[in-house]
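What follows is a single structure, written as structure tokens, with notes after it.
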């Protein structure tokens, strides 16, 4: 019985002409990402699992207990569920201090003022927020507010953690840095974790398993590699098309799954490598001149998208490549055919992970 | 404030009209102050009529504000959050006392809660309580006329409040009541205070509904505005002294609260 101690949800809910059908199973200690565009039903899923919205059909179970089952007439209201939520925009209470925000859940569940202060203090310390205990949320940076929101959700020791776009309120430069911090904090929570995001990088880096949601249904589910290498819809293909890898850098080279790539700048340690599909060129013969990254591979898949053609290349480093229809004809490309791949070092995006 | 270079000062017409506007509010006050018998003021202010009226006015206006808070906040919540049939009509009923002449309100109160009134008669027979010409009558009249300010302000604030905060509180284990007490009310705090101040100010100045429904009995139902009205006929100096008391009380409270609580209002 996989997930008996985790989350088991299989439900549908209708709302103002919109319908969300979701089937999710998350065992303890595992992070599942719900990845999809805006309006796909991600926030509805958060509301359903946290109890702010009742389902129309199906069943939601957490740690073996039924939270919502309209067929059996069961509905556990949000205040009686043990679900911690980090909301989009964090929703910290602006009239309460950081400490009072974190202690809110404990106080609401009947803990005394003294004990809840002590417990909140422990979490503030763990999150490195002790100095900010007396501040009001309006005086915090985006990253600090995120940690307060996480502490507030975790202090009550929930059985499920929901994170709704936990990084989208931050600017790009802090996002990279905080993603790493978030990953570490998530490790501390031993229950099932559901990450809601529209950002594939976030999903690929933070989640063990990705469920892609489009128009209220899951269109594809699997590991980051499954999604990346075998996209089943245009949306997933576009997401996956960014050729995203975790790699380790040394000097002006990165090691991607055992394959060496030359890059333009000096980097050291774990990095995130991105290669735009249109920045990769294909050749019949070994290319001469500037590209320092070139290797022989086979075409595994050809997909026609109007003017553009999307190809999937095989080992040693599977990539998504985008070229024009005329280039396909010129190179007489077909599935299974051998081809040279070339990428300029300057076209490889590298950022510290 | 210095105008920015190149934009010129504010238009002359605007200045003239603006200053005229200020004059409308300032000139009556100047007239009052010019006629004030400063030398006699001490003895005038300690007279029975003044102290009775002041005490009664404070008591009844504060009581009306308290009642408005107790029944007005729940009403505002219902109007803002519950989609019940006839909500538009209910909202209209709440707004009515704002536009109705207070005398008409007083008359309506008399027909409803008077000795022979629709509800007054059974109430009187059951409990012996008689609202007209009593302190309770003054409080009821004040509440009827002033409470709409609170209801409308709080309803607006509740409608503008991002309800996701209440959802967040619920996921943290807050019961409906805890959520209202610790999240909703504090978050609409500034509007609530503004509504209470407006209600209190309106109740303090109430005249028409009070005199129609509760009469004008010194020490029982004669509030400051009624005492001023009576004194204008008999003792002009006393009327001025009473008026000054009202100006002083209102101005102090409004200025003090404006600084502290309702800057944004």
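Chains as they are written, first to last, in this note's numbering: chain C, 1 to 353; chain F, 1001 to 1265. Glycine included, every Cβ here is placed at the ideal spot set by N, Cα and C.
For residue 180 (chain C), the closest C-alpha among the options C:7, C:6, C:352, C:5 is that of C:352. Taking C-beta atoms as the reference points, residue 312 (chain C) and residue 325 (chain C) fail to come closer than 9 Å. Here residue 220 (chain C) carries a strand assignment [DSSP, helix/strand/coil].
The beta carbon of residue 1147 (chain F) does not come within 9 Å of any beta carbon belonging to chain C, so the residue lies off that interface. At least one C-beta of chain C is nearer than 9 Å to the C-beta of residue 1168 (chain F). For the C-beta of residue 87 (chain C), the chain F residues within less than 7 Å are, from N- to C-terminus, 1164, 1168. Cβ proximity to chain C below 9 Å picks out 1183, 1186, 1187, 1189 from the region 1183-1200 of chain F. At a cut-off of 9 Å between beta-carbon atoms, residue 1214 (chain F) makes no contact with chain C. With a 10 Å radius around the Cβ and a threshold of 16 neighbouring Cβ atoms, residue 335 (chain C) comes out exposed.
With a beta-carbon spacing of about 7 Å, residue 1152 (chain F) and residue 1094 (chain F) fall inside the 8 Å limit used to define contacts. Using a Cβ-Cβ cut-off of 8 Å, residue 1157 (chain F) is close to nothing in chain C; its nearest Cβ partner there is about 13 Å away.
At least one CB of chain F lies nearer than 9 Å to the CB of residue 108 (chain C).
Contact of residue 1175 (chain F) with chain C is assigned, a C-beta pair being separated by under 9 Å. With its beta carbon at least 9 Å from every one in chain F, residue 44 (chain C) lies outside the interface.
Look at residue 343 (chain C) here: in three-state DSSP terms it is strand. Contacts with chain F at 9 Å (Cβ-Cβ) include residue 104 (chain C). For residue 300 (chain C), the CB contacts under 7 Å within the same chain, skipping 5 residues up- and downstream, are 312, 313, 314, 335 in chain order. Residues of the region 54-80 of chain C with a C-beta atom less than 7 Å from some C-beta of chain F are 78, 79, listed in chain order.
A Cβ of chain F is located within less than 9 Å of the beta carbon of residue 51 (chain C). DSSP assignment within the region 94-149 of chain C yields the following whole alpha helix (DSSP H) runs of 4 residues or more, N-terminal first: 98-108, 113-126. Looking at the backbone, the Cα of residue 279 (chain C) and that of residue 208 (chain C) are separated by about 29 Å.
Look at residue 352 (chain C) here: in three-state DSSP terms it is strand.
DSSP places residue 304 (chain C) inside the beta strand (DSSP E), whose first and last residues are 293-305.
Taking a C-beta distance under 9 Å as the contact criterion, residue 83 (chain C) and residue 50 (chain C) qualify as a contact pair. Unbroken alpha helix (DSSP H) stretches of 4 residues or longer found wholly inside the region 1032-1069 of chain F: 1041-1045, given in chain order. Going by C-alpha positions, residue 1112 (chain F) is about 23 Å away from residue 1204 (chain F). Contact between residue 1239 (chain F) and residue 1150 (chain F) is absent: CB atoms are separated by about 30 Å, not below the 8 Å threshold. Residue-level contact check: residue 254 (chain C) does not touch chain F, since none of the beta carbons of chain F fall below 9 Å from its beta carbon. Taking C-beta atoms under 8 Å as the contact rule, residue 31 (chain C) and residue 193 (chain C) qualify, at a distance of about 4 Å. 9 Å or more divides the Cβ of residue 249 (chain C) from the Cβ of residue 345 (chain C). Using a Cβ-Cβ cut-off of 9 Å, residue 152 (chain C) is close to 1168, 1172 of chain F, given in chain order.
Residue pairing by DSSP puts residue 210 (chain C) in a beta bridge opposite C:33, C:222.
For residue 19 (chain C), the enclosing beta strand (DSSP E) starts and ends at 18-26. Under the Cβ distance rule, residue 1178 (chain F) counts among the residues neighbouring chain C, one pair being separated by less than 9 Å. In the three-state scheme derived from DSSP, where H, G and I count as helix and E and B as strand, residue 1127 (chain F) is classed as helix. The beta-carbon separation of residue 164 (chain C) and residue 86 (chain C), rounded to 7 Å, stays under the 8 Å limit for a contact.
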